[in-house]
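Student: I have a structure here, written as structure tokens, and I will follow up with some questions on it.
2 protein chains.
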Amino acid sequence: MKVATVYDVAAHAAVSIATVSRVLRRPDDVRESTRERVLASVQALGYVPSASARCLAAQRTGVLGLFFPGIDDEDDGGEAPFVQDLSVSMVVDAAGGSEVAPPNLSFDGVLRGSEREAWRQGFALMVGVGRDANPADMLRDIAGRVDAVAVLAGSVPDELLKHVSRRIPVVLIGGPRRCAEMDFDHVSVSNREGMRALTAHLLENADATDLAFVAGPADSPDSAERYQGFVEALEGAGFDPATATILQGDFSRIRARRLAETLLATGRMPRGLVCANDRTALGMLDVLVPAGVRVPEDVIVTGFDGIEAGRLSTPRLTTVYQPMVELGRAAIRAMLSRIEHPDQPPITARLPVKVLLRESSEGTLPA
Amino acid sequence: MKVATVYDVAAHAAVSIATVSRVLRRPDDVRESTRERVLASVQALGYVPSASARCLAAQRTGVLGLFFPGIDDEDDGGEAPFVQDLSVSMVVDAAGGSEVAPPNLSFDGVLRGSEREAWRQGFALMVGVGRDANPADMLRDIAGRVDAVAVLAGSVPDELLKHVSRRIPVVLIGGPRRCAEMDFDHVSVSNREGMRALTAHLLENADATDLAFVAGPADSPDSAERYQGFVEALEGAGFDPATATILQGDFSRIRARRLAETLLATGRMPRGLVCANDRTALGMLDVLVPAGVRVPEDVIVTGFDGIEAGRLSTPRLTTVYQPMVELGRAAIRAMLSRIEHPDQPPITARLPVKVLLRESSEGTLPA
DNA sequence: TTGAAAGCGCTAACAA
DNA sequence: TTGTTAGCGCTTTCAA
Numbered sequence: 039m040k041v042a043t044v045y046d047v048a049a050h051a052a053v054s055i056a057t058v059s060r061v062l063r064r065p066d067d068v069r070e071s072t073r074e075r076v077l078a079s080v081q082a083l084g085y086v087p088s089a090s091a092r093c094l095a096a097q098r099t100g101v102l103g104l105f106f107p108g109i110d111d112e113d114d115g116g117e118a119p120f121v122q123d124l125s126v127s128m129v130v131d132a133a134g135g136s137e138v139a140p141p142n143l144s145f146d147g148v149l150r151g152s153e154r155e156a157w158r159q160g161f162a163l164m165v166g167v168g169r170d171a172n173p174a175d176m177l178r179d180i181a182g183r184v185d186a187v188a189v190l191a192g193s194v195p196d197e198l199l200k201h202v203s204r205r206i207p208v209v210l211i212g213g214p215r216r217c218a219e220m221d222f223d224h225v226s227v228s229n230r231e232g233m234r235a236l237t238a239h240l241l242e243n244a245d246a247t248d249l250a251f252v253a254g255p256a257d258s259p260d261s262a263e264r265y266q267g268f269v270e271a272l273e274g275a276g277f278d279p280a281t282a283t284i285l286q287g288d289f290s291r292i293r294a295r296r297l298a299e300t301l302l303a304t305g306r307m308p309r310g311l312v313c314a315n316d317r318t319a320l321g322m323l324d325v326l327v328p329a330g331v332r333v334p335e336d337v338i339v340t341g342f343d344g345i346e347a348g349r350l351s352t353p354r355l356t357t358v359y360q361p362m363v364e365l366g367r368a369a370i371r372a373m374l375s376r377i378e379h380p381d382q383p384p385i386t387a388r389l390p391v392k393v394l395l396r397e398s399s400e401g402t403l404p405a
Numbered sequence: 039m040k041v042a043t044v045y046d047v048a049a050h051a052a053v054s055i056a057t058v059s060r061v062l063r064r065p066d067d068v069r070e071s072t073r074e075r076v077l078a079s080v081q082a083l084g085y086v087p088s089a090s091a092r093c094l095a096a097q098r099t100g101v102l103g104l105f106f107p108g109i110d111d112e113d114d115g116g117e118a119p120f121v122q123d124l125s126v127s128m129v130v131d132a133a134g135g136s137e138v139a140p141p142n143l144s145f146d147g148v149l150r151g152s153e154r155e156a157w158r159q160g161f162a163l164m165v166g167v168g169r170d171a172n173p174a175d176m177l178r179d180i181a182g183r184v185d186a187v188a189v190l191a192g193s194v195p196d197e198l199l200k201h202v203s204r205r206i207p208v209v210l211i212g213g214p215r216r217c218a219e220m221d222f223d224h225v226s227v228s229n230r231e232g233m234r235a236l237t238a239h240l241l242e243n244a245d246a247t248d249l250a251f252v253a254g255p256a257d258s259p260d261s262a263e264r265y266q267g268f269v270e271a272l273e274g275a276g277f278d279p280a281t282a283t284i285l286q287g288d289f290s291r292i293r294a295r296r297l298a299e300t301l302l303a304t305g306r307m308p309r310g311l312v313c314a315n316d317r318t319a320l321g322m323l324d325v326l327v328p329a330g331v332r333v334p335e336d337v338i339v340t341g342f343d344g345i346e347a348g349r350l351s352t353p354r355l356t357t358v359y360q361p362m363v364e365l366g367r368a369a370i371r372a373m374l375s376r377i378e379h380p381d382q383p384p385i386t387a388r389l390p391v392k393v394l395l396r397e398s399s400e401g402t403l404p405a
């Protein structure tokens with residue numbers, strides 16, 4: 039029993055394959071009686087058009103790509119068995135435990151925004167969140183399947199982006215404006231401005247002049263931009279940025295805990311820990327709070343991202359909220375815009391951020 | 039400037055298109071010098087193979103589908119402007135506000151699990167989370183693009199599933215074991231057993247005999263199964279299930295709040311509210327707690343799913359944890375297994391659940 | 001080790 | 001309104 043094709047449907051309905059195609063693509067161009075006959079045959083044969091053939095012929099896929107390599111930091115479950123013997127177990131889940139807590143990935147929002155916007159515009163979305171061995175292969179694979187692709191800035195070599203962009207439009211997500219020669223379209227948030235505003239606020243409103251910056255991975259353009267903002271705020275307030283401590287984190291909560299422990303052990307605790315992202319800040323809280331360090335009285339801790347977990351922590355996390363969902367949507371719109379107008383000048387969308395002042399920096403807030 | 043094809047690469051390297059194809063698919067079948075020449079041409083021309091053409095010729099796409107229609111309940115942002123004038127704003131975000139809180143979608147885990155497992159196995163994943171007008175079209179569209187598809191049980195008419203399954207394998211996710219005639223592969227969790235265990239626990243350990251069940255949408259097989267478990271527990275304890283109140287929710291937090299308000303207004307408050315999912319239970323807490331109802335002393339509230347928000351609520355939510363990530367992975371494995379062995383008997387994977395007892399049902403738990 | 005050639009299933013001129 | 005036909009870019013026998 040083979041899969042039905044246009045030919046089968048055409049034969050069954052006693053029409054040509056062109057008519058079958060028309061019925062599916064532009065039904066109004068076909069006489070009603072013919073149309074109904076064809077539709078009946080489609081039903082009868084269980085016909086579903088092959089997208090491969092369709093896209094090959096049409097010279098477009100109707101799919102957009104989103105590539106975020108190396109984001110997922112969960113460890114691997116390995117081969118899990120299909121069947122398990124006990125179907126229910128019961129545990130008393132006391133507070134503090136987190137055995138079933140999923141990591142709150144900060145790009146979830148981007149994904150949702152893209153997803154939604156893509157379908158809204160009649161496109162499907164193909165996502166590659168590759169903790170895979172070879173991001174290059176993954177990106178090339180995706181690139182062959184889609185009409186345009188959005189890539190997390192800094193995640194793949196420019197070389198590769200150049201290569202891929204000879205086939206389809208490439209949009210960068212996040213990071214700084216690109217240097218002149220690489221004129222990819224680019225959507226991002228006001229990393230620098232956000233961090234500058236937050237830091238300046240700490241400098242003004244608290245007596246917090248001894249601030250340390252907890253960075254993300256060295257190759258993250260987003261972390262770099264946020265550091266920029268941090269530095270600018272210090273300079274703006276008349277401090278020498280060179281004297282500020284920099285701790286090397288990697289955006290992960292785990293790593294942040296290690297750093298906090300070191301801080302605690304060496305006793306070199308700054309007045310404020312300005313973290314490059316929320317997960318890092320939460321990792322700090324994980325260690326400091328149980329150790330009896332009062333936040334914000336002893337140490338101010340701030341994040342960046344505005345993830346849900348920061349709103350639910352104790353104390354709640356002062357942070358810079360990024361409109362992740364909007365960012366995803368902007369990426370989609372940039373791709374579509376580029377597809378429609380291949381020759382327009384490079385798009386640069388810079389989305390605004392919002393500094394959220396909460397208890398980790400502010401003392402008790404007014405209700 | 040056109041996009042490079044095999045023909046361009048072949049001409050550039052002075053070989054046939056067959057050789058170009060070989061270099062990319064089975065490099066070992068080509069003499070090294072030739073291979074290097076071809077690879078150089080690939081680089082020079084910025085060649086990326088067309089997946090459409092490749093899949094058409096190969097008769098497989100290397101993509102798996104995941105279809106979850108009507109899940110996303112965010113409302114629509116509409117057309118947002120590309121550029122905004124202010125790049126940073128600052129707000130004091132007092133506790134209680136939630137203006138930037140994204141909804142914690144309970145299928146996130148399934149998505150992550152599928153994503154990961156698919157790439158692990160060398161497949162890409164195409165996801166359709168359709169709040170779209172027409173799920174049928176969306177599913178058909180996806181079905182044309184993939185080698186197999188996993189569909190949320192109960193989300194599309196059997197008719198359509200039958201149709202699609204004549205082209206590619208269809209795996210159902212969630213819900214009850216299917217009736218005999220429809221022998222789709224099926225992965226799900228122990229809904230019934232989980233709810234039975236939870237309810238039985240309430241019946242035994244609390245003085246909670248007056249329980250109400252807060253259902254999900256009428257057409258949700260998952261909700262139906264959970265209700266089954268609820269009923270069985272009542273019967274097992276010697277109660278008449280017919281006397282238990284059933285409230286008609288729809289899995290949404292909003293709807294649950296309305297129900298809670300009604301309950302409050304009419305004063306017909308049961309001893310325990312056994313909710314068909316966590317969001318419903320959280321919606322109940324949203325209303326009951328501020329109204330001064332003590333949970334669990336006055337009313338016990340329980341959920342189902344094990345979402346993160348239930349671990350962070352006050353009081354924390356007693357619930358039945360489903361291994362969402364595992365479920366996603368199981369769906370992928372089922373699809374692959376079916377692709378490899380088209381004639382094997384139907385797969386039925388039933389994943390175990392875990393009852394998590396927390397403060398919304400238990401009083402203060404031991405540390 | 002390489003090349004020639006026949007499809008894969010569909011779309012879109014162009015003709016009828 | 002419908003049919004004929006020439007690709008779309010690649011894989012894969014089969015020969016050379």
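These protein sequences, in sequence, are chains H and C.
Take any residue in the first sequence, note its place counting from 1, add 38, and you have its number in the numbering used here.
Take any residue in the second sequence, note its place counting from 1, add 38, and you have its number in the numbering used here.
Note that CB positions come from ideal geometry on N, CA and C, so glycine has one too.
Just so it is clear, the structure is predicted and the values come from calculations on it, not from any experiment.
Counting only beta-carbon separations shorter than 7 Å, does G84/H have a partner in chain C?
Tutor: Taking Cβ atoms only, chain C reaches closer than 7 Å to G84/H, which makes this a yes.
Student: Three or more beta-carbon pairs under 8 Å between the segment 307-326 of chain H and the segment 229-249 of chain H, yes or no?
Tutor: Cβ pair count under 8 Å is three or more, so yes.
Student: Applying the 10 Å Cβ sphere with the 16-neighbour rule, what's the burial state of N172/C?
Tutor: Counting Cβ neighbours within 10 Å, N172/C comes out exposed, since fewer than 16 surround it.
Student: Taking only beta-carbon atoms, is C313/C less than 7 Å away from chain H?
Tutor: No, because no Cβ of chain H sits closer than 7 Å to the Cβ of C313/C.
Student: So G182/C and A186/H are in contact, right, with Cβ under 8 Å, and what is the actual spacing, rounded?
Tutor: Actually they do not touch by this definition, with Cβ atoms about 20 Å apart.
Student: What residues from chain H crowd round M220/C, counting only those whose CB sits closer than 9 Å?
Tutor: Residues of chain H passing the Cβ test: none, with the nearest at roughly 15 Å.
Student: Check each candidate in L240/C, V101/C, R371/C and L104/C and name the one with the smallest Cα separation from E397/C.
Tutor: Selected option, being the one with the closest Cα: L240/C.
Student: If contact means a Cβ-Cβ distance below 7 Å, which residues of the segment 192-213 of chain H contact chain C?
Tutor: Listed by position along the chain: H201, V202, R204 and R205.
Student: Thinking C-beta only, is V126/C closer than 7 Å to E231/H?
Tutor: Yes; because the gap between Cβ atoms is below 7 Å, this pair is in contact.
Student: Using the beta-carbon count (16 or more within 10 Å), is K392/H buried or exposed?
Tutor: Classification of K392/H: buried, given that the 10 Å Cβ count is 16 or more.
Student: With F268/H as the anchor, note down where its beta strand (DSSP E) starts and where it stops.
Tutor: No beta strand (DSSP E) holds F268/H; the alpha helix (DSSP H) holding it covers P259 to G274.
Student: So which of V325/H, G151/H and I338/H has the shortest CA-CA distance to M362/H?
Tutor: Closest by alpha carbon: G151/H.
Student: Confirm, please, whether the CB-CB distance from D343/H to D316/H is below 7 Å.
Tutor: Yes. Within cutoff.
Student: In this structure, does DSSP put R388/C in helix, strand or coil?
Tutor: Here R388/C sits in strand by DSSP.
Student: If you compare alpha carbons, which of L297/H, G287/H and G213/H is closest to S193/H?
Tutor: Closest option to S193/H, Cα to Cα, is G213/H.
Student: For L163/H, which of F145/H, G100/H and D46/H has the nearest alpha-carbon?
Tutor: Out of F145/H, G100/H and D46/H, G100/H has the C-alpha closest to the C-alpha of L163/H.
Student: Could you give the C-beta distance for G166/H and I180/H, rounded to a whole number, given that I count them as a contact under 8 Å?
Tutor: With 8 Å as the limit, G166/H and I180/H qualify as a contact, their Cβ atoms being about 5 Å apart.
Student: Let me know if E335/C comes out buried or exposed under the rule of 16 or more other beta-carbons within 10 Å of its beta-carbon.
Tutor: Per the 10 Å Cβ criterion, exposed.
Student: In chain order, what residues of the same chain lie with their CB nearer than 7 Å to the CB of L62/H, ignoring the 5 residues before and after it?
Tutor: The residues are P87.
Student: Across which residues does DSSP place A188/H in a beta bridge pair?
Tutor: In DSSP, A188/H forms a bridge with L104/H and V209/H.
Student: Indicate whether A314/C and G254/C have their beta-carbon atoms separated by less than 7 Å.
Tutor: For A314/C and G254/C, yes; Cβs fall inside 7 Å.
Student: The beta strand (DSSP E) spanning G310/H covers which residue range?
Tutor: Segment G310 to C313, the beta strand (DSSP E) holding G310/H.
Student: Is Y85/H helix, strand or coil when you go by DSSP?
Tutor: Y85/H falls in the coil class under three-state DSSP.
Student: What first and last residue would you give for the alpha helix (DSSP H) that runs through S54/H?
Tutor: Element bounds for S54/H: n/a, residue is neither H nor E.
Student: Whole angstroms are fine: how far does the CA of Q360/H sit from the CA of P390/H?
Tutor: So the alpha carbons of these two residues sit roughly 7 Å apart.
Student: Run through the DSSP bridge pairs and tell me what F251/H is partnered with.
Tutor: Note: F251/H sits in a beta bridge opposite I284/H and V312/H.
Student: Using a 10 Å radius around the Cβ and a threshold of 16 neighbouring Cβ atoms, would you call D260/H buried or exposed?
Tutor: Classification for D260/H: buried.
Student: By DSSP, does G166/C sit in helix, in strand, or in coil?
Tutor: It is a strand residue.
Student: Can you check whether the C-beta of P87/C is within less than 7 Å of a C-beta belonging to chain H?
Tutor: Judged by the 7 Å Cβ criterion, P87/C is in contact with chain H.
Student: Where V339/H and G305/H are concerned, what is the direct C-alpha to C-alpha distance, given to the nearest angstrom?
Tutor: Distance between the alpha carbons of V339/H and G305/H: 16 Å.
Student: If you check the beta carbons only, do A368/H and V227/H fall under 7 Å apart?
Tutor: In this structure, V227/H does not lie closer than 7 Å to A368/H by Cβ.
Student: For the alpha helix (DSSP H) that contains S203/H, what are its first and last residues?
Tutor: Taken as a continuous stretch (DSSP letters only), the alpha helix (DSSP H) holding S203/H covers D196 to S203.
Student: What does DSSP give as the partner residues of S127/C in its beta bridges?
Tutor: DSSP, once it has assigned bridges, lists K392/H as partnering S127/C.
Student: Please report whether the beta-carbon of R178/H lies at a distance below 7 Å from any beta-carbon of chain C.
Tutor: Answer yes: the Cβ-Cβ gap between R178/H and chain C drops below 7 Å somewhere.
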